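What follows is one structure encoded as structure tokens, with my remarks underneath.
Structure representation (structure tokens):
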């Protein structure tokens, strides 16, 4: 009886969680006016192709999708490498001020992001990087939460294995890439999901850093659909649906490592 009630509760929670995605899909298949009619319909309509075609004419889906995927994947790969190396240093190396530096990293998460936008914009302008991929990718590569998450997992890695590898003549790079990282796959997957979603959903900084429509990412491109007069919510819902698909695919591809990676960092 307890298991049955648990399954029913989980099923209800799953339906509530999935309903916004289903409603976005319903909106993408209907015309804008039908979404605000008194008689709500939960059956898919016939305007999906038309809404996607209009959306492509408005923002250029192919270019926007390429920008978002290129920026998000490149950022995830480089940020994951940098954060993992920093976490390894904080977890396994003994040096003066290690704990203080790590505490500063954690405290930096308390700084409002809006307070860093103006200095960051001036820095990108001085480098001549505005309206380029470098301005979208390079800032925030050393993401404090990712460093914290990886460090918590690396604290459990046996120091004896590292010392044995050093005695056998292995260098630090070989120890890191051949011995430590292979055992960190669950933590790497969990961190990669966080970094990818963070960059994919980023709106404020891409809105400030880029000025041409050819450099727009999905959040910025979708915001351009909200004009001063008429808003085609069919296009908006179609764009939201398309923007959600890559996140779902990325998560499902790494989901078997995600839970174990999060639990591993929680019990250290």
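Residue numbers (my numbering): 2 to 269.
By construction, the Cβ of each residue, glycine as well, lies at the ideal position given by its N, Cα and C atoms.
Note that this is a predicted model, so its numbers are computed, not measured.
Can you tell me where the alpha helix (DSSP H) with residue 198 in it begins and where it stops?
Here the alpha helix (DSSP H) through residue 198 covers 186-201.
Can you list, in chain order, the residues of its chain with a C-beta nearer than 8 Å to that of residue 269? Leave out the 5 residues immediately preceding and following it.
Bear in mind that the predicted position of residue 269 carries a pLDDT of just 46, short of 50, making it unreliable; the figure below should be weighed with that in mind. Cβ neighbours of residue 269 beyond the five flanking positions: 153, 154, 156, 157.
Is residue 155 helix, strand or coil when you go by DSSP?
If DSSP states are grouped into helix, strand and coil, residue 155 belongs with the helices.
Under three-state DSSP, which class holds residue 93?
Helix.
Between the beta-carbon of residue 206 and the beta-carbon of residue 121, is there less than 9 Å?
Yes.
Should residue 29 be labelled buried (16 or more other beta-carbon atoms within 10 Å of its own) or exposed?
Buried, because 16 or more other Cβ atoms sit within 10 Å of the Cβ of residue 29.
Run the CB neighbour count on residue 138, radius 10 Å, all protein chains shown included, and call it buried at 16 or more, exposed below.
With 16 or more Cβ atoms within 10 Å of its Cβ, residue 138 is classed as buried.
I'd like to know whether the C-beta atoms of residue 150 and residue 188 end up nearer to each other than 9 Å.
Yes, these two residues count as a Cβ contact at 9 Å.
For the region 127-144 against the region 53-72, are there 3 or more C-beta pairs whose distance is under 8 Å?
At 8 Å Cβ cutoff, the stretches touch.
Around the Cβ of residue 145, are there at least 16 other Cβ atoms within 10 angstroms (buried) or fewer (exposed)?
Residue 145 comes out buried.
Count the C-beta pairs between the region 166-183 and the region 60-69 that are closer than 8 Å, then say yes if the count reaches three, no if not.
With the cut-off at 8 Å, the region 166-183 and the region 60-69 do not touch.
Drop a sphere of 10 angstroms on the beta-carbon of residue 266, count the other beta-carbons inside from all chains shown, and report buried for 16 or more, exposed for fewer.
Low confidence applies to residue 266: its pLDDT is 46, below 50, so where it sits in the model is not reliable enough to give any reading.
With a threshold of 8 Å, are at least 3 pairs of Cβ atoms found where one atom belongs to the region 158-169 and the other to the region 228-247?
At 8 Å Cβ cutoff, the stretches do not touch.
Can you look up residue 216 in the DSSP assignment and give me helix, strand or coil?
Reduced to three states, the DSSP call for residue 216 is helix.
Going by DSSP, what residue range makes up the alpha helix (DSSP H) through residue 4?
First-last of the alpha helix (DSSP H) with residue 4: 3-29.
Please list, in chain order, all residues of the same chain as residue 216 whose beta carbon is under 7 Å from its beta carbon, the five residues on each side excluded.
Result list for residue 216: 68, 132, in chain order.
With residue 166 as the anchor, note down where its alpha helix (DSSP H) starts and where it stops.
Segment 160-168, the alpha helix (DSSP H) holding residue 166.
The alpha helix (DSSP H) with residue 179 in it runs from where to where?
Per DSSP, residue 179 belongs to no alpha helix (DSSP H) and is neither H nor E.
Have a look at 34, 3, 95, 78 and flag the residue whose alpha-carbon is nearest the alpha-carbon of residue 234.
For residue 234, the nearest C-alpha among the options comes from 34.
By the 10 Å Cβ neighbour count, where 16 or more other Cβ atoms means buried, how is residue 97 classified, buried or exposed?
With fewer than 16 Cβ atoms within 10 Å of its Cβ, residue 97 is classed as exposed.
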